[in-house]
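The working numbering numbers the first residue of the sequence shown as 876 and each following residue consecutively.
Here a beta-carbon is modelled for each residue, glycine too, at the ideal position from N, C-alpha and C.
Note that the structure is a prediction, hence the values are computed from the model and not measured.
One structure is given below, encoded as structure tokens.
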Amino acid sequence: MLRHLGHCLAPARSLFWTLVAGVVLSGCTSAQHRRAADKEAYGIIRQAERRTLGHTNAFTIDTVYSARRPEDISPEELIDGRLQTNRRVLSIEAALSLAVTNSRDYQARKETLYQAALNLSDARYQYKPIFDAGGELTRDAAGNKSSSADGKFSISQLLLTGGRLSASLANGVLRYYTGDPRRSVFSTISVDLVQPILRGFGWNNPDIETLKQTERNVIYAVRNYSFYQNQFALQIVNDYIGLLAQKDTIRNRYTNFLGRVQASRRLEARAGYFEKLADVAQARQAELTAKNNYVNALANYRNSLDQFKIRLGLPLGEQIFLDDTALDDVEKRGLVPAPMNSDAAYRMAVQRQLPLLNAIDRFEDSKRKVRIGKDQLRTDLKVVTGASYDFNWNQPDDYTRLNADKIAWDAQLQLNLPLDRMRERNSYRRTLMAFETELRSLTFTLDTLKDSIERGLRTLEQRRQNYEIQTNALDVANRRVADAMANLQAGRAEVRNLVEAQDAQIGAQNAVTDALVQYQQSRLQLMLDIGALETESPKFWLKDHVAGFLPGARPATTHPVTAEGAVTPPEEFFKN
């Protein structure tokens, strides 16, 4: 009965094998594979962010070109894109948003994080059921008088105990093509398990350590990316405010140039009667110097603006105009203090600075490597078991029940005594040296961080004093110019006195702006170093980031600018 049924179903089975071949050859589309990779990688990143940072962020590596086919993007399109002539008025917030979207370096950092997630996907793949299916169809020159088909379906998986479990189903099909009753159809089911008992069991297994380290690497990548986001935002803000400071310098130099022109024209009108020709020439020389300084300042600003466009990822052909209110806000906010000492700042950094947390965890990783290397020196004892069951479709049988007599199985204990562990010994010694290297690296990182914090606090205080000094110097310079101008008109001073006063005035004007911007940059860098900078908060560059994190820290108040400050004698610093 079975023989006749098999013969009748031969065309159907041929169609079945044809369909199977079509599915195997076609598979999923490339777009489906891409979406599947994104789904898993983004899920890994979100899970790591929630575990590491306590929250998740919107994350994607897609760009404006991602939805297009690579072959549709031509070099000519990219070349012509550099010639765009759009006009933008950028606030500091808009510059930050634009940079996140277009910056090439920012995109590269996102892709680095995505790569870490893909690596974890690869590592986890071995610990999921891995399916494999295939077959072979052969026919000889005699056509269907002699043909066969063989297929195999298997599942394998690494276990968290360090073992490997596999199962397979093998099929041989001959009679469906020949009708020869001497040919047969058979199937074999087999199951195998290899499990280490001593060396390489559980978390001491090198394969499992690879999985764990890859998981740790995703955590490190999330921290690095989060720190880079703050670093990147700080850089954009510093660049933006620095450009506004350059604009302020340009305005000061232009005003100074106009003042020099006015003075030289007044002297030229009086030349030969009331003024010496040498004084006129000196005023004219000062005018030309001021004009030259203005032209140079304007050229430097335009060069800096182009570099800023590149950092934002904008074509150089675009015209951008910066909003001056950001610098006005900084001036109104004044010198936001950082009320902490170096020890308190250091303790805060140890708990919050993300690169330092990575360094600490890598030190812990090196300890695990030592433990695993030591385990590899032990006796290797494995349990190897297997079982198989054969079906023969030519023999009458009840296929709803397994015949225990037809099950073939075996169990072995494989013992490898630690008589020769030379390679393992050398590997273990390397892990000990690697541990010492990580120890030194961690202490160096801690010392470097402590130095950076102390240097940052000293620099912050230095620049606070610089700002106060330059503000006072500007007041003096303004009075000096007014006095020199009045005395020159009254014939009680020389042109040289006015020129020197104007030189001091323009220098003091620019120095005040520079000192304010440098203080701002130093303060924000210190906040980044100690892990307190929160770039996601509105106008983070004006915020006091210490209050709320440091125990006992009070909300920041603006330091008043004192008219005169006491100067500490050097011996106070040098005495023991």
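Which two residues bound the contiguous alpha helix (DSSP H) that contains residue i?
{"i": "Val-964", "result": "Element bounds for Val-964: not the alpha helix (DSSP H) but the beta strand (DSSP E), 962-965."}
{"i": "Asp-1218", "result": "1217-1227"}
{"i": "Asp-980", "result": "979-1000"}
{"i": "Ile-1195", "result": "Note, Ile-1195: premise wrong, no alpha helix (DSSP H); beta strand (DSSP E) at 1194-1197."}
{"i": "Ala-1386", "result": "1370-1404"}
{"i": "Tyr-940", "result": "That residue, Tyr-940, is in no alpha helix (DSSP H); it is neither H nor E in DSSP."}
{"i": "Gln-1121", "result": "1081-1145"}
{"i": "Gly-956", "result": "950-956"}
{"i": "Val-1074", "result": "According to the sequence as given, residue 1074 is Arg; it is not Val. From DSSP, Arg-1074 is part of no alpha helix (DSSP H); its letter is neither H nor E."}
{"i": "Glu-1162", "result": "1152-1187"}
{"i": "Arg-925", "result": "905-927"}
{"i": "Arg-1208", "result": "1200-1208"}
Rounded to whole angstroms, what's the CA-CA distance from residue i to residue j? Just pull it up for me.
{"i": "Ser-1263", "j": "Ile-919", "result": "38 Å"}
{"i": "Arg-1300", "j": "Ala-1309", "result": "14 Å"}
{"i": "Ile-1116", "j": "Arg-1208", "result": "14 Å"}
{"i": "Gln-959", "j": "Leu-1119", "result": "24 Å"}
{"i": "Leu-1290", "j": "Arg-1039", "result": "17 Å"}
{"i": "Arg-1371", "j": "Gly-1331", "result": "41 Å"}
{"i": "Trp-1078", "j": "Glu-915", "result": "25 Å"}
{"i": "Leu-1210", "j": "Leu-1314", "result": "39 Å"}
{"i": "Arg-1159", "j": "Ser-1139", "result": "6 Å"}
{"i": "Arg-1367", "j": "Ser-1217", "result": "54 Å"}
{"i": "Tyr-1342", "j": "Asp-1419", "result": "19 Å"}
{"i": "Asn-1131", "j": "Gln-982", "result": "44 Å"}
{"i": "Arg-909", "j": "Met-1215", "result": "50 Å"}
{"i": "Arg-1304", "j": "Val-1259", "result": "31 Å"}
{"i": "Ile-948", "j": "Thr-1089", "result": "35 Å"}
{"i": "Ile-1195", "j": "Arg-1237", "result": "44 Å"}
{"i": "Leu-900", "j": "Ala-969", "result": "With a pLDDT of 49 at Leu-900, under the threshold of 50, the modelled position of that residue is not reliable, and the figure given next carries that caveat. Each residue's alpha carbon lies about 49 Å from the other."}
{"i": "Glu-986", "j": "Arg-979", "result": "11 Å"}
{"i": "Asp-1198", "j": "Ala-1144", "result": "41 Å"}
{"i": "Thr-1009", "j": "Gly-1037", "result": "Here residue 1009 turns out to be Gly, not Thr, going by the sequence shown. Those two C-alpha atoms are separated by around 28 Å."}
{"i": "Lys-1414", "j": "Val-1155", "result": "50 Å"}
{"i": "Leu-1180", "j": "Val-1170", "result": "15 Å"}
{"i": "Gly-1134", "j": "Phe-1107", "result": "41 Å"}
{"i": "Thr-904", "j": "Phe-1006", "result": "19 Å"}
{"i": "Val-1245", "j": "Val-1097", "result": "26 Å"}
{"i": "Arg-1298", "j": "Thr-1306", "result": "12 Å"}
{"i": "Pro-1293", "j": "Ser-1241", "result": "24 Å"}
With distances taken between CB atoms, is the gap from residue i to residue j smaller than 8 Å?
{"i": "Tyr-1455", "j": "Ile-1328", "result": "The requested residue 1455 is not part of the displayed model; the chain covers only 876 to 1451."}
{"i": "Lys-1249", "j": "Ile-1072", "result": "no"}
{"i": "Leu-1335", "j": "Leu-1408", "result": "no"}
{"i": "Leu-1391", "j": "Glu-1206", "result": "yes"}
{"i": "Leu-1035", "j": "Tyr-1002", "result": "yes"}
{"i": "Asp-1295", "j": "Arg-1074", "result": "no"}
{"i": "Arg-1128", "j": "Ala-1165", "result": "yes"}
{"i": "Gly-1092", "j": "Ala-1219", "result": "According to the sequence provided, residue 1092 is Asn. The question's Gly does not apply to it. Going by C-beta atoms, Asn-1092 is not nearer than 8 Å to Ala-1219."}
{"i": "Tyr-1394", "j": "Arg-1333", "result": "no"}
{"i": "Leu-1417", "j": "Ala-1383", "result": "no"}
{"i": "Asn-1458", "j": "Leu-1403", "result": "Residue 1458 lies beyond the residue range present for the chain, which begins at 876 and ends at 1451; the question has no answer from this structure."}
{"i": "Thr-935", "j": "Arg-921", "result": "no"}
{"i": "Thr-1124", "j": "Thr-1388", "result": "yes"}
{"i": "Val-1421", "j": "Ala-1213", "result": "yes"}
{"i": "Thr-1094", "j": "Ala-923", "result": "Sequence check: residue 1094 is Ile here, not Thr. Cβ distance < 8 Å, so Ile-1094 and Ala-923 count as in contact."}
Please return the same chain residues whose Cβ sits closer than 6 Å to the Cβ of residue i, not counting the five positions on each side in sequence.
{"i": "Ala-911", "result": "none"}
{"i": "Leu-1044", "result": "Phe-1028, Ile-1064"}
{"i": "Gln-1032", "result": "Pro-1004, Leu-1040"}
{"i": "Ala-838", "result": "Limits of the chain in this structure are 876 at one end and 1451 at the other, which puts residue 838 out of reach."}
{"i": "Ala-1386", "result": "Gln-1345"}
{"i": "Ala-1376", "result": "Arg-1355, Val-1356, Ala-1359"}
{"i": "Pro-886", "result": "Per-residue confidence for Pro-886 stands at a pLDDT of 42, beneath the threshold of 50, marking its modelled position as unreliable; no derived number is given."}
{"i": "Ile-967", "result": "Tyr-1115, Ala-1201"}
{"i": "Asp-1067", "result": "Ser-1041, Gly-1261"}
{"i": "Ala-1172", "result": "Thr-1124, Ile-1125, Arg-1128"}
Can you give me the Cβ contacts of residue i inside the same chain, cut-off strictly under 7 Å, excluding the 5 residues immediately before and after it?
{"i": "Asp-1378", "result": "none"}
{"i": "Val-1136", "result": "Glu-1162"}
{"i": "Asn-1113", "result": "Gln-1396"}
{"i": "Thr-1320", "result": "Leu-1231, Ala-1234"}
{"i": "Ala-1224", "result": "Leu-1231, Leu-1324, Ile-1328, Asp-1404, Ile-1405, Gly-1406"}
{"i": "Ser-972", "result": "none"}
{"i": "Tyr-1103", "result": "Arg-984"}
Enumerate in chain order the residues of its own chain whose CB-to-CB distance from residue i is below 8 Å, with the five nearest sequence positions on each side excluded.
{"i": "Thr-1085", "result": "Ala-998"}
{"i": "Ser-1302", "result": "Gly-1248, Gln-1251"}
{"i": "Arg-957", "result": "Pro-1190, Leu-1191, Gly-1192"}
{"i": "Asp-1204", "result": "Lys-1414, Leu-1417"}
The beta strand (DSSP E) spanning residue i covers which residue range?
{"i": "Ala-1358", "result": "Correcting the residue identity first, residue 1358 is Asp in this sequence and not Ala. Looking at the DSSP string, Asp-1358 is not in any beta strand (DSSP E); the run it does join, the alpha helix (DSSP H), is 1297-1364."}
{"i": "Asp-1285", "result": "1282-1291"}
Original post:
Below 8 Å, can you find three or more Cβ-Cβ pairs linking the region 1212-1228 to the region 1312-1328?
Top reply: yes
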